[in-house]
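Notes follow the structure.
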Amino acid sequence: MDVKVSIVEIPMTEVVRSITFYEKVFQIKIERMTMEDTELGVFPSNGNGANIVLTKGKDYKPKSEGVLVYLDGGDDLQPILSLVSLNGGKVLLPKTEISPEMGYFAIFLDTEGNRIGLHSKN
Numbered sequence: 002m003d004v005k006v007s008i009v010e011i012p013m014t015e016v017v018r019s020i021t022f023y024e025k026v027f028q029i030k031i032e033r034m035t036m037e038d039t040e041l042g043v044f045p046s047n048g049n050g051a052n053i054v055l056t057k058g059k060d061y062k063p064k065s066e067g068v069l070v071y072l073d074g075g076d077d078l079q080p081i082l083s084l085v086s087l088n089g090g091k092v093l094l095p096k097t098e099i100s101p102e103m104g105y106f107a108i109f110l111d112t113e114g115n116r117i118g119l120h121s122k123n
């Protein structure tokens, strides 16, 4: 069996702050939804990759430790990374080459305290 990522939930405590941060950093529109007592911010998707959802609920606690999710930084992650600090996040690791074949990565803290990675080929 080929294991693939289906859904990534990023915990949040402040809905407006978190959605605004990700909308500005990734220059996208995030859809707000509610499922029972859980608030969601759903990233746009073309259905070809994992669904990314900002989630606020009683069992969701932002953390800077544990599993590290890397989001696609497009052709070059630097334009996205440069918007992190401007919108209340913090760059933990600047754009760093993995290898010529594997590209680059960076790590930042979002406004909720989650550690998030970025990856790009260039």
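If you read the sequence shown in my numbering, its first letter stands for residue 2, the second for the next number, and so on.
We put the CB at the ideal spot given by N, CA and C, even for glycine.
Please read these numbers as outputs of a predicted model, since none were measured by experiment.
- Taking a contact as a CB-CB distance under 8 Å, the pair S121 and G74 counts as one, their CB atoms being some 4 Å apart.
- Under DSSP, D73 forms a beta bridge with H120.
- Counting every other CB atom within 10 Å of its CB across the protein chains shown gives M103 a total below 16, marking it as exposed.
- Counting along the chain, no beta strand (DSSP E) covers F44, and no H or E run does either.
- Secondary-structure assignment with DSSP links G104 through a beta bridge to S100.
- Assignment of I81 by DSSP, reduced to helix, strand and coil, places it in the helix class.
- Listed in chain order, the non-local C-beta contacts of T97 below 7 Å within the same chain comprise Y105, F106, A107, local neighbours out to five positions each way being set aside.
- In this structure, the CA atom of L87 is about 9 Å from the CA atom of K25.
- Bounds of the alpha helix (DSSP H) holding V26 are 16-27.
- Going by C-alpha positions, M36 is about 33 Å away from L93.
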